[in-house]
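Enquirer: So in this note's numbering, spot 133 of the sequence shown is number 133, and the numbers just go up one at a time.
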Amino acid sequence: MSSRLSISSWSLHRALGSIFHKLDDRQSEAGDISLLDLPYRIAEKGIKTLEICHFHFPRIDDDYIDQLRAALDQAGVELYSILIDDWDITHPDDDQRLKELENIENWIDIASKCGASCVRVIAGMTDIGLEDPVRHPVTRQSAQNLDRLSIYAHHKSVCVITENFHKLTKRADTVLAILDQCQENIGLCVDFGNFRGDEKYEELAAILPHATSVHAKANYPEVGQMERIDFDQCLELTIKSNFFGPYSLIFDSAGSEWDSLAEIQSVVEKYI
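1) If I follow the unbroken beta strand (DSSP E) through glutamate 222, where does it start and stop?
2) Count the other CB atoms, across all protein chains shown, that sit within 10 Å of the CB of asparagine 185; report buried if there are 16 or more and exposed otherwise.
3) Report the residue from Glu105, Thr174, Asn103 whose alpha carbon sits nearest the alpha carbon of threonine 126.
4) Identify, in the order they occur along the chain, each residue of the same chain with its Cβ nearer than 7 Å to the Cβ of glutamate 257, setting aside the five sequence neighbours on each side.
5) Classify aspartate 88 as buried or exposed, calling it buried when 16 or more other Cβ atoms lie within 10 Å of its own Cβ.
6) Starting from threonine 162 and walking both ways along the beta strand (DSSP E), at which residues does that stretch end?
7) Who are threonine 49's beta bridge partners in DSSP?
8) Nearest-angstrom Cα distance between valine 214 and glycine 124?
9) Just how far apart, CA to CA, sit lysine 156 and serine 81?
10) Under 7 Å, do histidine 51 and serine 8 count as touching if we go by C-beta distance?
11) Distance check for arginine 69 and glycine 193, CA to CA, integer angstroms please.
12) Do you know how far the Cα of glutamine 144 is from the Cα of alanine 111?
13) Would you call the CB atoms of serine 241 and leucine 208 closer than 7 Å?
14) Around the C-beta of glutamate 199, are 16 or more other C-beta atoms found within 10 angstroms, so that it is buried, or is it exposed?
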């Protein structure tokens, strides 16, 4: 796998508008650009890999998916992953957890139709606090359900990845425990912004050797003012861990999305 620039649709959520698509209902508010415009717009910036949040799909019918695939092909952009940003594979209620898994499987079907290489699945929304993740039943449940989804996705030519994202994976040792207990080949997206506090760099260093993709998020505590030292430290850790894969540019602060992403891109390009 080669190192390359990527971008998440989340980084342009204001430009795309407030689109919240669910399989049962949807509401959308138009932005400055459409999802179909996005491949061309990022290709203009020299970015040829894209991640799309599932809720940024205004429609999921075959005609729309064909239009999206055509837009990607014409722009020469790879759809690396669909970020499935909902549903809890560790839900405590058995019946509800099954429904959550079925909803994710529906999005795996959509990802396959779109030609996505991967889907990113949240490992769980249950907070186990400081309990030992190796022995915790929720960790085991997360691994088992990631395996289930991976087997399902394999038949659709899609890979499953997870992320240090949401309550269950807020610590590096839990991320590692889940991956260790998985029987299938589960990928890992490492987000710079999802570990915080004094142990942030230590925690990132622990999981980056397992990364198949990176969410290169730069903090902007003030409009137009990147925390450059922090961002450089995170990027240095990817080099030390011998990471090769897509660096997805992430921006979700106040200020211009396009201008801030251009700055983030200029920094990341020095590391790939």
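Every residue gets a Cβ at the ideal spot worked out from N, C-alpha and C, and that includes glycine.
Expert: Taking the geometry as given:
1) Here the question's residue 222 lines up with position 222 in the sequence shown. Element bounds for glutamate 222: n/a, residue is neither H nor E.
2) Position 185 of the sequence shown, counted from the start, is the residue given in the question as residue 185. Answer is exposed; the Cβ neighbour count stays below 16.
3) By 1-based counting over the sequence shown, the position of residue 126 is 126. The candidate whose alpha carbon is nearest that of threonine 126 is Thr174.
4) Residue 257 sits at position 257 when you count from the first residue of the sequence shown. Around glutamate 257: Ser11, Leu12, Arg14, Ala15, Phe251.
5) The residue given as residue 88 occupies position 88 in the sequence shown. Under this definition aspartate 88 is a buried residue.
6) Indexing the sequence shown from 1 puts residue 162 at position 162. First-last of the beta strand (DSSP E) with threonine 162: 159–163.
7) If you number the sequence shown from 1, residue 49 lands on position 49. Glu78, per the DSSP bridge assignment.
8) Your numbering for residue 214 matches position 214 in the sequence shown. Your numbering for residue 124 matches position 124 in the sequence shown. Straight-line Cα distance between these residues: approximately 19 Å.
9) Here residue 156 is taken as the residue at index 156 of the sequence shown, counted from 1. Here residue 81 is taken as the residue at index 81 of the sequence shown, counted from 1. The straight-line gap from Cα to Cα measures roughly 14 Å.
10) As a working mapping, residue 51 is identified with position 51 in the sequence shown. As a working mapping, residue 8 is identified with position 8 in the sequence shown. It should be pointed out that residue 51 corresponds to glutamate in this sequence rather than to histidine. Yes, Cβ-Cβ distance for glutamate 51 and serine 8 is below 7 Å.
11) In the sequence shown, counting from the first residue as 1, residue 193 sits at position 193. In the sequence shown, counting from the first residue as 1, residue 69 sits at position 69. Spanning the two alpha carbons is a distance of roughly 30 Å.
12) Residue 111 sits at position 111 when you count from the first residue of the sequence shown. Residue 144 sits at position 144 when you count from the first residue of the sequence shown. Cα-Cα distance, rounded: 21 Å.
13) Residue mapping note: residue 241 aligns to position 241 of the sequence shown, counting from 1. Residue mapping note: residue 208 aligns to position 208 of the sequence shown, counting from 1. Yes; because the gap between Cβ atoms is below 7 Å, this pair is in contact.
14) Your numbering for residue 199 matches position 199 in the sequence shown. It counts as exposed.
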